[in-house]
Ligand code: BJW
Ligand code: ZN
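Numbering (our numbering), first residue to last: 95 to 351.
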């Protein structure tokens with residue numbers, strides 16, 4: 095049930111979250127498209143969530159790519175162009191600061207995002223469970239290439255074998271990268287605080303990490319505009335823009351950056 099969110103509630107949530115973070119031994123964070131919304135990148139669901147009238151569930155699939163690779167590439171060319179102009183926002187920077195505070199083995203950032211903005215903001219160890227828009231993969235020889243955000247040909251081909259390239263992202267019906275996913279699961283079961291930021295929590299197996307964290311005994315904190323589909327698993331809800339809420343949280347724990 096969605097309850098009205100007033101600013102007193104946000105204040106109380108921040109106080110509770112500050113307490114949890116101060117006492118935390120290990121922190122894991124799961125981010126989604128909402129953390130990049132304030133950088134001007136569209137989210138998948140909700141307002142502006144359709145691309146040329148199509149749902150992401152119909153474009154981001156291996157079947158769509160086989161049927162019409164040019165159409166699917168158009169979707170990714172547009173997203174890569176938007177990325178060229180995008181900069182991290184204070185939410186990304188706050189999480190980078192969290193990593194510096196806790197240090198490598200005690201902090202893990204798991205992201206569903208393919209935009210690479212966490213790394214641009216200074217996060218060093220990022221588990222990209224859905225891949226990256228900044229890389230391509232050859233559909234014939236499998237070679238993965240760093241491509242940055244530079245424009246690519248309409249239908250890019252592999253310099254090594256001539257095969258058709260695809261974005262190195264995870265589409266529906268595809269498995270997640272095995273090692274990266276294993277690390278995400280292990281960080282989730284080890285953490286004392288699990289912070290979920292800007293995800294609708296409807297895409298699996300990523301959304302399942304929230305329940306995994308809870309079952310393992312972590313305090314679950316959610317930062318979102320509204321409660322997500324995992325809202326019932328949350329101990330502390332921080333409902334407001336992540337680009338404002340996360341910097342406040344981090345500043346109240348460790349002082350101004
Ligand atoms: C703010 C904010 C602000 C806004 N501040 N917050 C039935 C039941 C269960 C599972 C399935 C099922 N049928 C099929 C499945 C499996 C399927 C799935 O989950 N489907 C569901 C949709 C039903 N999953 C898969 O297919 C996965 N693979 C798999 O299961 O493989 C099995 C397998 C094993 C072995 C062999 C073969 C297969 C793969 C899932 C891949 C998802 N890929 C995408 C595209 C990536 C590439 C690309 O970017 O194009 O990943 S889909 C898209 O959704 C993208 C995202 O990472 C993902 C999640 O979206 P996210 O991040 O949550 O964004 P939004 O837009 O949904 O939400 C934004 C949120 O931000 C909202 O809550 C806002 O309120 C909030 N927000 N502004 C804070 N300023
Ligand atoms: Zn190739």
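Don't be surprised by glycine CBs; every beta carbon is placed ideally from N, CA and C.
Considering only 346, 349, 345, 337, the residue with the shortest C-alpha distance to residue 131 is 337.
Here the C-alpha atom of residue 329 lies approximately 17 Å from the C-alpha atom of residue 102. 8 Å or more divides the Cβ of residue 314 from the Cβ of residue 200.
Around residue 289, the same chain offers 123, 315 as residues with beta carbons nearer than 6 Å, after the five sequence neighbours per side are excluded.
Following the DSSP letters along the chain, one finds residue 333 inside the beta strand (DSSP E) bounded by residues 330–333. Shown here, residue 152 sits in a helix according to DSSP, grouped into three states. Proximity to residue 249 across 307, 196, 230, 332 peaks at 230, based on C-alpha coordinates. In terms of Cβ geometry, residue 291 and residue 128 form a close pair [threshold 8 Å].
In the three-state scheme derived from DSSP, where H, G and I count as helix and E and B as strand, residue 277 is classed as helix.
A residue is called buried once 16 or more other Cβ atoms fall within 10 Å of its Cβ, and residue 298, having fewer, is exposed. Looking at the backbone, the Cα of residue 310 and that of residue 190 are separated by about 25 Å. For residue 341, the enclosing alpha helix (DSSP H) begins and ends at 336–348.
Taking every residue with its beta carbon within less than 6 Å of a heavy atom belonging to the ligand ZN gives, in chain order, 232, 234, 235, 237, 252, 254, 255, 257. Of all alpha-carbon atoms in 162, 208, 233, the one lying nearest the alpha-carbon of residue 227 is that of 208.
Annotated as proximal: residue 223 and residue 274, with beta-carbon spacing under 8 Å.
In this structure, residue 344 sits away from residue 317, with a CB-CB distance that is not shorter than 8 Å. By the criterion of a C-beta distance shorter than 7 Å, residue 153 is surrounded in its chain by 145, 166, 169, once the five residues flanking it on both sides are discounted.
Take residue 218, set aside five residues on each side of it, and the residues of its chain with a beta-carbon closer than 7 Å to its own are 193, in chain order.
A straight line joining the alpha-carbon of residue 277 with that of residue 113 spans about 27 Å.
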